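Comments concern the structure below.
There are 2 protein chains.
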Amino acid sequence: MRLIQSHTDYAVRAILFIAASEKEMVSSADLEAELDLPRPFMRRIMQDLQKAGILKSLRGYQGGFQLAKAPAEIFLMDLIELFQGGLDLTECIFRKKVCPNCKTCPIRRRVKKIENYVLRELQGINLAVLMQEK
Amino acid sequence: MRLIQSHTDYAVRAILFIAASEKEMVSSADLEAELDLPRPFMRRIMQDLQKAGILKSLRGYQGGFQLAKAPAEIFLMDLIELFQGGLDLTECIFRKKVCPNCKTCPIRRRVKKIENYVLRELQGINLAVLMQEK
DNA sequence: GACAAATGGTACCTATCTGGTATCATTACT
DNA sequence: AGTAATGATACCAGATAGGTACCATTTGTC
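Protein chains in written order, with numbering that gives the first Met the number 0: chain A, 0 to 133; chain B, 0 to 133.
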């Protein structure tokens with residue numbers, strides 16, 4: 000069970016690369032060469048980032064992507080929400096139905112506490128922080 | 000992404016029920032009635048618990064399951080390891096290969112810290128604790 | 001205007017994982 | 001012998017994560 004899934008992971012790497020790049024526009028081909036990923040796959044991730052307002056794109060000759068926000072304004076949690084649909088460690092389904100004992104369930108209470116910690120930690124991480132550590 | 004998967008969850012409920020039961024031996028039929036789960040599925044979970052030394056079983060007429068350990072000696076983490084193969088939040092696979100940047104990866108360092116917290120919390124939870132809260 | 005280089009959009013495919021079923025063998029008591 | 005229980009194992013199905021293919025659209029250069 001991974002906390003950070005591939006799409007999120009690749010997105011982080013792509014953004015870090017774009018942020019560090021000298022170029023005005025970074026193309027999928029550049030990212031493919033740098034990150035060693037299949038281009039169509041990379042492109043879909045970039046498109047999702049563009050729709051989410053994290054990247055700006057330009058089509059056509061010499062087109063590509065650039066950041067639409069400062070790295071300090073891009074949070075890891077945003078990317079997790081975008082690519083993984085958020086984080087819900089406590090989701091409790093019993094045979095397709097939400098478990099009827101959820102409110103009193105002792106396990107759930109414990110897991111909820113853990114989840115709160117994880118969320119707090121993740122919310123504190125933005126891309127500027129990750130750049131520094133690089 | 001669930002921290003506690005169904006098998007683990009059911010196992011906890013089953014153990015709590017057996018621990019609270021007056022009967023010497025609790026059968027799959029009893030558990031089915033109590034937990035509203037399909038019996039064959041329940042039975043497989045019980046068998047896994049038996050093999051792991053958490054339950055003792057008796058076959059034949061009036062047979063069933065009983066605890067092989069005190070609830071305080073059964074840890075939630077044991078069940079997670081048994082049914083979910085443990086917890087590895089940082090597993091980092093890049094296109095089937097372990098990511099070559101793992102050692103220096105800033106995300107991974109952060110996630111590792113979170114994982115350590117989660118493990119510590121989980122290791123502190125045993126079934127006696129959960130019984131009290133019931 | 002034709003062409004090439006780039007992204008936009010969408011539908012599809014595939015392997016793995018999670019949850020669940022079916023079947024038969026074995027044991028134990030009456 | 002018959003019945004009530006578990007042991008073992010193989011199988012099945014739906015969901016999800018990861019990845020591919022294809023065509024439409026836009027933009028700049030010649």
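Note that beta-carbon positions come from the ideal geometry of N, C-alpha and C, so glycine has one too. The structure presented is a predicted model; accordingly, all values stated were derived computationally and were not measured.
Secondary structure remark: continuous alpha helix (DSSP H) runs of at least 4 residues inside the stretch 48-123 of chain A, in chain order: 75-83, 105-122. Here ASP8/A is buried. Its C-beta has 16 or more other C-beta atoms within 10 Å. For ALA69/B, the closest of VAL25/B, LEU54/B, LYS112/B, LEU81/B by C-alpha to C-alpha distance is LEU54/B. Inclusion of ILE14/A and VAL25/A in the CB contact set at 8 Å is not warranted, their separation being larger than that value. At a Cβ-Cβ threshold of 8 Å, VAL117/B and LEU88/B count as neighbours. Taking a contact as a CB-CB distance under 8 Å, the pair LEU48/A and ILE79/A does not count as one, their CB atoms being some 13 Å apart. When the five nearest sequence neighbours on each side are left out, the beta carbons in the same chain lying within less than 8 Å of the beta carbon of MET130/A are those of LEU15, ALA18, ALA19, PRO70, in order along the chain. Listed along chain B, the residues sitting closer than 7 Å to ARG109/A by beta-carbon distance are ILE124. With contacts defined as CB atoms closer than 8 Å, GLY84/B and ALA67/B fail to qualify as a contacting pair. Residues LEU34 of the same chain have their beta carbon placed closer than 6 Å to that of ARG12/B, with the five preceding and five following residues left out of the count. Contact between ARG107/B and CYS101/B holds, with the beta-carbon distance rounding to 6 Å and staying under 8 Å. Interface with chain A (8 Å Cβ-Cβ cutoff): VAL97/B is excluded. GLY59/B and MET45/B have their C-alpha atoms spaced approximately 16 Å apart. In the DSSP assignment, ARG12/B falls within the unbroken alpha helix (DSSP H) covering 5-19. Counting of Cβ neighbours within 10 angstroms places ILE73/A among the buried residues, the total reaching 16 or more. Of LEU81/A, GLN65/A, ARG1/A, ASN115/A, the smallest CA-CA separation from SER27/A is found for GLN65/A. Between the beta-carbon of GLU23/B and that of PRO105/A there is about 26 Å, and that puts the pair past the 8 Å contact cut. Judged by beta-carbon spacing, ILE113/A lies beyond the 8 Å limit of LEU86/B, meaning their Cβ atoms are not closer than that value. The beta-bridge partner set that DSSP reports for VAL25/B consists of PHE64/B. The Cβ neighbour count for ALA32/B, taken over all protein chains shown within 10 Å, is under 16; the residue is labelled exposed.
By the Cβ-count criterion, GLY62/B is exposed, with fewer than 16 other Cβ atoms from all chains shown falling within 10 Å of its own Cβ.
For the stretch 23-46 of chain A, there are no residues whose beta carbon sits under 7 Å from a beta carbon of chain B.
Cα atoms of ARG38/B and SER5/B: separation of roughly 15 Å, rounded to the nearest angstrom. When the beta-carbon positions are compared, LEU30/A and MET41/A come within less than 8 Å of each other. With respect to chain A, the C-beta atom of GLU72/B has no partner C-beta closer than 8 Å. Straight-line spacing of the CA atoms in LYS96/B and PHE82/B works out to 25 Å. Identification of chain B residues near ILE3/A by a Cβ-Cβ cut-off of 7 Å yields ILE106, VAL110, ordered along the chain.
For ILE113/B, the residues of chain A that pass the 9 Å Cβ criterion are LEU2, TYR116, VAL117, GLU120, LEU121, in the order they occur in the chain. For MET130/A, the enclosing alpha helix (DSSP H) begins and ends at 126-132.
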